[in-house]
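Asker: Numbering (our numbering), first residue to last: 24 to 299.
Every residue gets a Cβ at the ideal spot worked out from N, C-alpha and C, and that includes glycine.
The structure presented is a predicted model; accordingly, all values stated were derived computationally and were not measured.
I'd like to ask you about the structure that follows.
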């Protein structure tokens, strides 16, 4: 078990995506489920009365609803002039549709806003970088990112199966499926789930019918670099903040007195403190 393994537990205490101390405090409060009255008042100033479809012109809309995100993207794409080109993914083996990193049939137009969904090995863009489609090829496209136009080729995502050999006490890995497609998606709107790991300058959170998964509100808010770039479709409600009790129960924690206790169970000794 975990305890018998005597694992060292690392607490990642420093936030790198945001620099504003007020926003960092709010994010830590969201993570622990203890939002103060002052925090609520600050967030109320970020509420917008414009609909999400309109907000998608200037911001990336994050929503818990996949259908809502798809509808906004199709609306914005249809408004662009010129022909649409469809790119069909190449599938091999066992790769479940719910695990597709982007659309199986990805429709693009010149002028469409897109989001990169993989880091570039050369460092020209990262996961979440926004760009604008400049040209459409047979199996590739050209996207302007940070003022420079790059050719974007299809890439493969692989699904693995891991097997443990009791005799050799080793783990072997084999490819069971692959998905090959352009490493991007339309970026007028996306689901909160698919936004994980991304850093965005302007975010509009459309709560739709509310959050439904543990930590979903925190993920949505923390995608944005700053409070100034954040807009909300309505005020945050207590039921939007869903905390995973198992995270608190881990190590026998009954309550959360502060963010550090949330991050690090007291039972984990020795502790490895990573601050930078």
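Return the first residue and the last residue of the alpha helix (DSSP H) that residue 148 is part of.
Answerer: Premise fails: residue 148 is in no alpha helix (DSSP H) and is neither H nor E.
Asker: Threshold first: 3 residues or longer. Then list the beta strand (DSSP E) segments lying entirely within the segment 190–218, N to C.
Answerer: Qualifying beta strand (DSSP E) stretches, in chain order: 193–204, 207–209, 212–214.
Asker: Assign residue 31 to buried or exposed, taking buried as 16 or more other Cβ atoms, counted over all protein chains shown, within 10 Å of its Cβ.
Answerer: Exposed, because fewer than 16 other Cβ atoms sit within 10 Å of the Cβ of residue 31.
Asker: Specify the secondary structure class of residue 133 as computed by DSSP and reduced to three states.
Answerer: Here residue 133 sits in coil by DSSP.
Asker: Name the two residues that bound the continuous beta strand (DSSP E) containing residue 45.
Answerer: Unbroken run through residue 45 is the alpha helix (DSSP H), 44–55; no beta strand (DSSP E).
Asker: Can you give, in chain order, each stretch of the alpha helix (DSSP H) that sits fully within the segment 223–261 and has at least 4 residues?
Answerer: You should have 239–245.
Asker: So, using beta-carbon positions, are residue 112 and residue 126 closer together than 9 Å?
Answerer: Result yes, Cβ atoms of residue 112 and residue 126 sit closer than 9 Å.
Asker: Between residue 225 and the rest of its own chain, which residues show a CB-CB distance below 7 Å, the 5 nearest in sequence each way excluded?
Answerer: 81, 82, 83, 252, listed in sequence order.
Asker: Would you list the one or two residues that DSSP bridges to residue 94?
Answerer: Per DSSP, none; premise fails for residue 94.
Asker: Leaving out five residues before and five after residue 115 in sequence, what residues of the same chain have Cβ atoms less than 7 Å from its Cβ?
Answerer: These residues qualify, in order along the chain: 200, 201.
Asker: Just to confirm before moving on: does the CB-CB distance between residue 99 and residue 135 stay below 9 Å?
Answerer: Taking 9 Å as the Cβ cut-off, residue 99 and residue 135 qualify as a contacting pair.
Asker: Pull up the distance between the alpha-carbon of residue 62 and that of residue 89, whole angstroms please.
Answerer: Approximately 29 Å, taken between the alpha carbons.
Asker: Does the beta-carbon distance from residue 244 to residue 86 come in below 9 Å?
Answerer: Taking 9 Å as the Cβ cut-off, residue 244 and residue 86 do not qualify as a contacting pair.
Asker: Hey, would you say residue 75 sits closer than 9 Å to residue 212, going by beta carbons?
Answerer: Cβ atoms of residue 75 and residue 212: closer than 9 Å.
Asker: Among residues of its own chain, excluding the 5 on either side of residue 185, which ones have a beta-carbon nearer than 6 Å to its beta-carbon?
Answerer: Answer for residue 185: 194, 196, listed in chain order.
Asker: Using a threshold of 8 Å, is the CB atom of residue 247 nearer than that to any non-hydrogen atom of the ligand COA?
Answerer: As presented, the structure is devoid of all ligands, the ligand COA included, so that no description of it is given.
Asker: Residue 72: which of 258, 263, 94, 262 sits nearest, CA to CA?
Answerer: The candidate whose alpha carbon is nearest that of residue 72 is 258.
Asker: By Cβ distance below 8 Å, which residues in the same chain neighbour residue 69 in space, the five residues on each side in sequence not counted?
Answerer: 250, 253, 254, 255, listed in sequence order.
Asker: I need the straight-line Cα distance from residue 121 to residue 217, nearest angstrom please.
Answerer: Near 11 Å, if we compare the C-alpha coordinates of residue 217 and residue 121.
Asker: To the nearest angstrom, report how far apart residue 150 and residue 138 are at their CA atoms.
Answerer: Roughly 8 Å between the two C-alpha positions.
Asker: Is DSSP giving residue 179 helix, strand or coil here?
Answerer: DSSP places residue 179 in strand when its eight states are reduced to three.
Asker: Given a cut-off of 9 Å on the beta-carbon distance, is the pair residue 147 and residue 168 in contact?
Answerer: Yes; because the gap between Cβ atoms is below 9 Å, this pair is in contact.
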